[in-house]
Each structure stands twice: as structure tokens, then as C-alpha cells.
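Colleague: Structure provided below as C-alpha cells; questions to follow.
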Amino acid sequence: MLTKTKIYLSSPHMGGNEQKFVNDAFETNWIAPLGPNVNGFEDDIKSYLGAQNEVAVLSSGTASIHLALELIGVSKGDEVLCQSFTFSASANPIMYLGATPVFIDSEKDTWNMSPELLEIAIKDRIEKNKKPKAIVVVHLYGMPYKANEINAIAEKYNIAVVEDSAEALGSTYHDKACGTLSDFGILSFNGNKIITTSGGGALITKTKVLKDKAVFLSTQARDDAPHYQHSHVGYNYRMSNVLAGIGRGQMEVLNDRVSARRANYEFYKKHLSGFNTIELVDEPAGSYSNRWITCIKTDSFETREKIRLTLLEDDIESRPLWKPMHTQPIFKDCLHFSDGTSEDLFEKGLCLPSGSNLTNDDLNRILEIINNTPNL
Ligand SMILES: *Cc1c(COP(=O)(O)O)cnc(C)c1O
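Numbered as in the numbering used here, the sequence shown ends at 357 without a single skipped number.
Rendered as C-alpha cells:
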């Protein structure tokens, strides 16, 4: 009997040269959180994003957000505005610092932070003598947020912006790379992202001084002395030279990975737009999405579940969209400025398999299952 293989939402996709860089690390005995692959991976990312940016590779995207907020000076008792429609890792580092997240809902066209609600929230918090210390905003599923609008508001009130670009390496906004659009950018190389080091991340800064500070904090904050001397709390957040080797190999194929993910989106768009119960999101003018995950919005929770469960029966993984942070048990007491947009998306939306390693047979199999879902 033929057994069908499982289709994953987004799985690692090696290019071929990763192992060579990893072998280099072994051959030279650079099995440490420093070495030629760490420097090489940083240079590769820098030349991809544009030379005016500085890059520090770290142990995760979450660690990168933590250090960005620390460099901004977020501390106990501060409020930080955060996109509600996101993965919890956008918000958790706010808690690590003893600060309080205030959640902002999404707009309908990009599914990212609503500039209108952001400004309403800032005015409200300033009026109550609680001026926010930072804004964490996310290019969700690879779709750029409206950076011009968000940055203009942030500048007007003089609040620093952390750009969570964990899902958006390879996306651009008015021809500028996502991750470079604000004060601090962060990337993730977790196993499910567009390229991976198995686990890892990067902090993108505008100056070498800030990059050096991030590296200092990420390597236990050692002062310049022959013994171990510390005048600051440090972290063990630097990326391993072994994993950076995987990253160097992955950077060689990043453009192919973006093309493959965009082709998945085009396939779904072409074949699913005939259903009046299914919508896909187009790119607004000036935005170019890496289409990390192709998402659909259906007409109801019931339709969404019907598609998800029919796919599951055939061993095909799909997943509801992110559950908004302001509805998560851990953040239920946090203030939020919401108008129902992200709750509606959570109820009706579904992430479809989107890996760059999906074959045409895989895509056709997924399509056939969706086409055969009763009463769509
Ligand atoms: C993956 C992800 C992160 C966290 O990155 P890690 O490398 O897994 O720590 C943060 N924000 C968003 C939106 C993500 O998708």
C-alpha cells in the first residue's frame, strides 16, 4: 500500500554548502560562540541588507528583541507598545525587563499594527503620564507593515521602534530591506523560518557602537581586564560558530527560498481565488513580501476548521493564524487598543503549507484536498 508522507507547514531546507562551513569549524576547532563563521555570517547578512547596517548574530530572535529593548533603555515599570497579532516571542522580552506590554491591534490590509490605533494609544498613555518607552512592530508572515506611517508617528512622539523582522528576511518596503527600516531590527533563524541555523537570530543596528554594545551584553558583559571583571549584567546570547556555518550556507540560497515561497503563494492564489469563501492578501503598493507563510482568510470559523481538519486527515499540516496577545491568558490583564481585527483573523484564518521545499506533487495534493472539502 502506498503511504503518503506528511506535509509540514514550513520545514528546514538546506542548500548544500552548509556542511562545508560546519566542517571548516570542526577542522579549525572553532567550536565556540566566536570564530570565522560568526564574522562571515554577519558580513553576509550585512551585504544582503545594505552596508549602512551593523549586524550581531545571536542565539535567537527572542534574545535579539531582548537586547534591542535593553539598548533602548527599557526597564522595570516602563510601558512598551507591541503589535497584538504576533507570536508571543515579540512580547515576552518586554516581560523579561520588568516592563509592561500594551497591545495594539492590526489594520485590515497588511494584518500588521494599525497606525491609527498606535497614535490613539500613544496619546492616551501620554495623557496618563505613562509615555511608552518603545514600540515593537512586526512584519507578520513576511508582509511589511506600514513603516512610513509607523515611523512618522514614532518620530513625532520621539519613541524608539524595534522592527520584528523574524518572519520577513527577504521582504522589502519601498525597496528597503525589512529589518533595516527602524532603530533596531531583528531576524530569526529558527527551524521554521525562511532560512535557518536550527536556532539563532540577529540584531540589526544603525551604528557600530550599538552593535559592539550588543556583542558585549551577549557575551556576559566582560569589562576590559585580564581577570573576569563585570560592571553590568550580561547574557549568554552569542551565536555558535558551528551554527553560523549553517547560516553562511543558507545565505547562498536565500533568494531562491524567497522565489519558491512567492511561487507557493501564486499557486494558491491562482487556484483558490475561485472560492468566494476564501480570501488571500495582496501586497500594498511599494511592499514586497517574502511570503514566508501563505495565509487564507475564510468566511467563518466553521469553514476554517473544515479545511484544517480535512487537510489533517491526509497528514497535511495547517494552522490557525496567531492568537492575538491581548487574548492570551498570560497577557489577559494587559491594556490593549483593539477593534476586533486580529480576533476576526484568528477566528477565520489559516496558514497553509508554505515550505520552499514543497514539490508540485505536494501542492497539487494540498489543492485536491481543499477542492474536495465538502460545501466550500
Ligand atoms: C520566530 C519569531 C520570533 C522569535 O524568534 P526565535 O529565533 O524563535 O527566538 C519573534 N517574533 C516573531 C514574529 C517570530 O515569528
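Where a beta carbon is used, it is the ideal one built from N, C-alpha and C, also for glycine.
If residue 322 sits next to residue 86, beta carbons under 8 Å apart, how far is it from one beta carbon to the other, in whole angstroms?
Modeller: For this step, residue 322 is matched to residue 341 along the sequence shown. For this step, residue 86 is matched to residue 105 along the sequence shown. Right, the Cβ-Cβ distance comes to about 5 Å (below 8 Å), so this counts as a contact.
Colleague: What residues are listed by DSSP as bridge partners for residue 60?
Modeller: One-based indexing of the sequence shown puts residue 60 at position 79. Note: residue 60 sits in a beta bridge opposite 81.
Colleague: Bridge partners for residue 278 per DSSP, in chain order?
Modeller: For the purposes of this step, residue 278 is identified with residue 297 of the sequence shown, where counting begins at 1. Bridge partners of residue 278: 260, 330.
Colleague: Taking only the alpha-carbon atoms, compute the straight-line gap between residue 233 and residue 21 and give it to the nearest angstrom.
Modeller: The residue labelled residue 233 in the question sits at position 252 within the sequence shown. The residue labelled residue 21 in the question sits at position 40 within the sequence shown. One C-alpha to the other measures close to 12 Å.
Colleague: So, is residue 290 buried or exposed, given that buried needs 16 or more other C-beta atoms within 10 angstroms?
Modeller: Within the sequence shown, the letter at position 309 stands for residue 290. Exposed, by the Cβ-count rule.
Colleague: In angstroms, rounded to a whole number, what distance separates the CA positions of residue -9 and residue 332?
Modeller: As a position in the sequence shown, residue -9 is number 10, starting the count at 1. As a position in the sequence shown, residue 332 is number 351, starting the count at 1. Answer to the nearest angstrom: the Cα atoms are 10 Å apart.
Colleague: Return yes when at least one heavy atom of ligand 1 lies under 7 Å from the C-beta of residue 256, else no.
Modeller: Taking the first residue of the sequence shown as position 1, residue 256 is located at position 275. For ligand 1, not one heavy atom lies less than 7 Å from the Cβ of residue 256.
Colleague: CA-CA distance, residue 167 and residue -15?
Modeller: Within the sequence shown, numbered from 1, the residue matching residue 167 stands at position 186. Within the sequence shown, numbered from 1, the residue matching residue -15 stands at position 4. Taking the straight line joining both Cα atoms gives about 37 Å.
Colleague: Measuring CB atoms only, is the segment 74 to 81 touching the segment 25 to 38, in the sense that at least three cross pairs come out at less than 8 Å?
Modeller: Counting Cβ pairs under 8 Å, fewer than three are found: no touch.
Colleague: Hey, residue 303 and residue 68 are a contact pair by Cβ (cut 8 Å); roughly how many whole angstroms apart?
Modeller: On the sequence shown, position 322 is the one that residue 303 refers to. On the sequence shown, position 87 is the one that residue 68 refers to. The pair is a contact, with the Cβ atoms about 6 Å apart (cut-off 8 Å).
Colleague: Between residue 13 and ligand 1, is the CB less than 7 Å from at least one heavy atom?
Modeller: Looking up residue 13 in the sequence shown gives position 32. Because no heavy atom of ligand 1 lies under 7 Å away, the Cβ of residue 13 does not count as near it: no.
Colleague: Please report the straight-line C-alpha distance between residue 260 and residue 160, rounded to a whole angstrom.
Modeller: Position 279 of the sequence shown, counted from the start, is the residue given in the question as residue 260. Position 179 of the sequence shown, counted from the start, is the residue given in the question as residue 160. Computed Cα separation, rounded: 27 Å.
Colleague: Buried or exposed for residue 145, going by 16 or more other Cβ atoms inside 10 Å?
Modeller: The sequence position of residue 145 within the sequence shown is 164, counting from 1. Residue 145 is buried by the Cβ-count criterion.
Colleague: Measuring CB to CB, does residue 93 end up less than 8 Å from residue 121?
Modeller: If you number the sequence shown from 1, residue 93 lands on position 112. If you number the sequence shown from 1, residue 121 lands on position 140. Yes, the pair counts as a contact, with Cβ atoms nearer than the cut-off.
Colleague: With DSSP collapsed to three states, give me the class of residue 100.
Modeller: As a first step, residue 100 is located in the sequence shown; it is residue number 119 there, counting from the start. Residue 100: helix per DSSP, three-state reduction.
Colleague: I need the boundaries of the beta strand (DSSP E) containing residue 169, first residue and last residue.
Modeller: Taking the first residue of the sequence shown as position 1, residue 169 is located at position 188. Segment 165 to 169, the beta strand (DSSP E) holding residue 169.
Colleague: Can you tell me the Cα-Cα spacing of residue 183 and residue 41, whole angstroms?
Modeller: Here residue 183 refers to the residue found at position 202 when the sequence shown is read from its first residue. Here residue 41 refers to the residue found at position 60 when the sequence shown is read from its first residue. So the alpha carbons of these two residues sit roughly 7 Å apart.
Colleague: Please confirm if the segment 235 to 250 is in contact with the segment 332 to 349, defined as three or more CB-CB distances below 8 Å between the two stretches.
Modeller: The segment 235 to 250 is in contact with the segment 332 to 349.
Colleague: In the DSSP assignment, what are the bridge partners of residue 301?
Modeller: As a working mapping, residue 301 is identified with position 320 in the sequence shown. Residue 301 is bridged to 331.
Colleague: Within its chain, find whatever has a CB closer than 6 Å to the CB of residue 14; leave out the 5 residues flanking it on each side and keep chain order.
Modeller: Locating residue 14 in the sequence shown gives position 33, counting from the first residue. 219, 221, listed in sequence order.
Colleague: When the Cα atoms are used, what is the spatial distance from residue 45 to residue 127?
Modeller: For the purposes of this step, residue 45 is taken as residue 64 along the sequence shown, with counting starting at 1. For the purposes of this step, residue 127 is taken as residue 146 along the sequence shown, with counting starting at 1. Roughly 22 Å separates the two Cα atoms.
Colleague: Name the residue from 170, 337, 109, 56 whose alpha carbon lies nearest to the alpha carbon of residue 26.
Modeller: For the purposes of this step, residue 26 is identified with residue 45 of the sequence shown, where counting begins at 1. Cα-wise, what sits closest to residue 26 is 170.
Colleague: State the start and end residues of the unbroken beta strand (DSSP E) segment that holds residue 182.
Modeller: As a working mapping, residue 182 is identified with position 201 in the sequence shown. Unbroken beta strand (DSSP E) run through residue 182: 182 to 186.
Colleague: Work out the CA separation of residue 301 and residue 282 for me, nearest whole Å.
Modeller: Against the sequence shown, residue 282 aligns to sequence position 301. Against the sequence shown, residue 301 aligns to sequence position 320. Going by the C-alpha atoms only, they are around 10 Å apart.
Colleague: Relative to the C-alpha of residue 351, which candidate in 311, 316, 313, 250 has its C-alpha closest?
Modeller: Numbered from 1 along the sequence shown, position 370 holds the residue referred to as residue 351. Residue 250 is the option with its Cα nearest to residue 351.
Colleague: Excluding the 5 residues preceding and the 5 following residue 180 in the sequence, name in chain order all residues of the same chain whose CB lies nearer than 8 Å to its CB.
Modeller: Within the sequence shown, the letter at position 199 stands for residue 180. So the list reads 40, 41, 170, 171, 172, 224, once near-sequence residues are dropped.
Colleague: With a cut-off of 8 Å, do at least 3 Cβ pairs link the segment 202 to 216 to the segment 149 to 156?
Modeller: The segment 202 to 216 vs the segment 149 to 156: no contact.
Colleague: Give me the residue from 199, 104, 268 with the minimum Cα distance to residue 135.
Modeller: Indexing the sequence shown from 1 puts residue 135 at position 154. If we check each option's Cα against that of residue 135, 104 comes out closest.
Colleague: Using 10 angstroms around the beta-carbon of residue 356, count the other beta-carbons present and answer buried if the total reaches 16, otherwise exposed.
Modeller: Start at 1 with the first residue of the sequence shown, and residue 356 comes out as number 375. Residue 356 should be labelled exposed.
Colleague: Less than 7 Å between the CB of residue 68 and some heavy atom of ligand 1, yes or no?
Modeller: Within the sequence shown, residue 68 is the residue found at index 87, counting from 1. Within the cutoff, so yes.
Colleague: How should residue 294 be labelled, buried or exposed, when 16 other C-beta atoms within 10 angstroms of its C-beta is the threshold for buried?
Modeller: Looking up residue 294 in the sequence shown gives position 313. The residue in question, residue 294, is exposed, as its Cβ has fewer than 16 Cβ neighbours within 10 Å.
Colleague: Are residue 312 and residue 66 close, meaning C-beta to C-beta below 8 Å?
Modeller: What you label residue 312 is simply residue 331 of the sequence shown in a count that begins at 1. What you label residue 66 is simply residue 85 of the sequence shown in a count that begins at 1. Not in contact: residue 312 and residue 66 (Cβ atoms no closer than 8 Å).
Colleague: Look up residue 94 in the DSSP assignment and give the residues it is bridged to.
Modeller: Within the sequence shown, the letter at position 113 stands for residue 94. The partner list for residue 94 (beta bridge, DSSP) reads 87.
Colleague: Measuring only the C-alpha atoms, how far is residue 49 from residue 255?
Modeller: Stepping through the sequence shown from its first residue, residue 49 is reached at position 68. Stepping through the sequence shown from its first residue, residue 255 is reached at position 274. Whole-angstrom Cα-Cα distance: 44 Å.
Colleague: Ordered along the chain, which non-local residues of its own chain (more than five positions away) have a Cβ less than 8 Å from that of residue 31?
Modeller: Your numbering for residue 31 matches position 50 in the sequence shown. Taken in chain order, the residues that qualify are 157, 158, 161.
Colleague: Have a look at 347, 271, 227 and flag the residue whose alpha-carbon is nearest the alpha-carbon of residue -5.
Modeller: As a first step, residue -5 is located in the sequence shown; it is residue number 14 there, counting from the start. Out of 347, 271, 227, 227 has the C-alpha closest to the C-alpha of residue -5.
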